[in-house]
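Trainee:
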Amino acid sequence: MEKQQYESDLTRKEKWQKQWETIRKLKGGERLEYLWQYYKSVLIILAAVILVIYTAVVMISNAMRDTLLTVVIVDSELSSDEAAEELEEGILDIIGTGGKHDYVETVLTATSSDTGESVMKLRVALSTAGEADVAVCSEEVYEEYAAQGAFADLEDVLGDAYDSCAACMTDGQIDLTKCPDGFLDQYVGYSPAYLCVLSHSENTETAARLIEGIVSGQQ
Numbered sequence: 000m001e002k003q004q005y006e007s008d009l010t011r012k013e014k015w016q017k018q019w020e021t022i023r024k025l026k027g028g029e030r031l032e033y034l035w036q037y038y039k040s041v042l043i044i045l046a047a048v049i050l051v052i053y054t055a056v057v058m059i060s061n062a063m064r065d066t067l068l069t070v071v072i073v074d075s076e077l078s079s080d081e082a083a084e085e086l087e088e089g090i091l092d093i094i095g096t097g098g099k100h101d102y103v104e105t106v107l108t109a110t111s112s113d114t115g116e117s118v119m120k121l122r123v124a125l126s127t128a129g130e131a132d133v134a135v136c137s138e139e140v141y142e143e144y145a146a147q148g149a150f151a152d153l154e155d156v157l158g159d160a161y162d163s164c165a166a167c168m169t170d171g172q173i174d175l176t177k178c179p180d181g182f183l184d185q186y187v188g189y190s191p192a193y194l195c196v197l198s199h200s201e202n203t204e205t206a207a208r209l210i211e212g213i214v215s216g217q218q
């Protein structure tokens with residue numbers, strides 16, 4: 000009499016062969032259901048490993064970034080990821096050091112719309128709690144936050160370059176509508192369009208390079 004062979008008696012190779020034969024006999028949804036039933040733990044573990052690796056790569060990449068400037072455009076006409084990338088590239092063309100990890104943080108979602116959440120986000124973005132170095136905004140936003148001391152004096156920021164930039168200014172701040180046409184034009188639909196340096200910025204020298212590049216038509 001042939002001895003009955005239990006699955007526990009099978010070698011690993013024999014178990015794989017048996018499962019493969021079972022899978023081959025199944026069709027469509029049955030095959031997917033079988034695979035999920037028997038391999039879901041493996042898939043979950045694999046997904047977790049991939050997530051951990053991805054998170055580690057992102058963290059390492061962020062740690063290696065050299066953030067040269069953080070730029071906020073209030074009420075931007077464009078807000079897609081592609082638009083943010085184009086803005087970063089345009090700014091890097093002016094202020095980039097050529098370093099492999101040069102990075103410009105761009106924020107295109109700040110809005111002056113009169114809702115509680117929007118007002119709070121804008122206040123944070125333009126306050127000392129935020130990380131913005133440069134903000135582009137309308138006259139209304141400028142007047143509100145200038146009264147609160149949010150913006151730096153461009154004479155201090157630009158130094159000797161202040162006079163050469165004066166023709167592109169309104170109320171002592173850079174007005175993009177007076178500057179040579181450039182990549183920033185597509186982001187603003189208001190006039191005047193103030194480009195201001197935040198008073199708490201620690202990157203004023205880099206901000207000055209950006210302003211000089213825009214005024215000279217480098218953008």
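Letter 36 of the sequence shown, counting from 1, is numbered 35 in numbering that gives the first Met the number 0, and no numbers are missing.
Every residue, glycine too, gets a C-beta built ideally from N, C-alpha and C.
For a minimum of 4 consecutive residues, which ranges assigned as the alpha helix (DSSP H) are wholly contained in the stretch 130-184?
Mentor: DSSP runs (the alpha helix (DSSP H)) wholly in the stretch 130-184: 138-145, 153-157 and 161-164.
Trainee: Name the residue from A145, E84, S200 and A151 whose alpha carbon lies nearest to the alpha carbon of I186.
Mentor: Strictly speaking, residue 186 in this sequence is Tyr, with Ile absent from that position. Out of A145, E84, S200 and A151, E84 has the C-alpha closest to the C-alpha of Y186.
Trainee: Do the CB positions of C164 and L157 come within less than 8 Å of each other?
Mentor: For C164 and L157, yes; Cβs fall inside 8 Å.
Trainee: Please name the residue in V140, T54, A134 and K99 whose C-alpha comes closest to that of V118.
Mentor: It is V140.
Trainee: With H, G and I counted as helix, E and B as strand and the rest as coil, what does DSSP make of Y189?
Mentor: Looking at Y189 - three-state DSSP - the assignment turns out to be coil, as it is neither helix nor strand.
Trainee: In three-state terms, what does DSSP make of T66?
Mentor: Residue state, collapsed to three classes: strand.
Trainee: Between the alpha carbons of E76 and E88, how many angstroms are there, rounded?
Mentor: So the two alpha carbons sit approximately 18 Å from each other.
Trainee: Is V73 helix, strand or coil by DSSP?
Mentor: DSSP places V73 in coil when its eight states are reduced to three.
Trainee: Relative to the alpha-carbon of V73, which residue among Q36, Y53 and E138 has its alpha-carbon at the smallest distance?
Mentor: Nearest option by C-alpha distance: E138.
Trainee: Under a three-way DSSP split, which group does D92 fall into?
Mentor: If DSSP states are grouped into helix, strand and coil, D92 belongs with the helices.
Trainee: Could you round the C-beta distance between G148 and P179 to whole angstroms and report it? I think they count as a contact, below 8 Å.
Mentor: No, G148 and P179 are not in contact; Cβ-Cβ is about 30 Å, not under 8 Å.
Trainee: Determine the direct distance from the alpha carbon of Y38 to that of V48, and round the result to whole angstroms.
Mentor: Answer to the nearest angstrom: the Cα atoms are 15 Å apart.
Trainee: In the structure shown, what three-state DSSP assignment does T205 receive?
Mentor: Reduced to three states, the DSSP call for T205 is helix.
Trainee: Straight-line CA distance for E1 to T54?
Mentor: With a pLDDT of 47 at E1, under the threshold of 50, the modelled position of that residue is not reliable, and no figure is offered here.
Trainee: Look at L31 and V133 and say whether their C-beta atoms are less than 8 Å apart.
Mentor: Cβ atoms of L31 and V133: not closer than 8 Å.
Trainee: Identify, in the order they occur along the chain, each residue of the same chain with its Cβ nearer than 6 Å to the Cβ of G27, setting aside the five sequence neighbours on each side.
Mentor: Closer than 6 Å at the Cβ level, and outside the excluded window around G27, lies no residue.
Trainee: Residues in its own chain within less than 7 Å of E190 by CB, not counting five upstream and five downstream?
Mentor: Before going on, a small fix: residue 190 reads as Ser here, not Glu. Correct list, in chain order: T176.
Trainee: By the three-class DSSP mapping on this structure, what secondary structure does M0 have?
Mentor: For M0, the predicted model reports a pLDDT of 45, less than 50, meaning its position is unreliable; a value from the coordinates is still stated below. DSSP places M0 in coil when its eight states are reduced to three.
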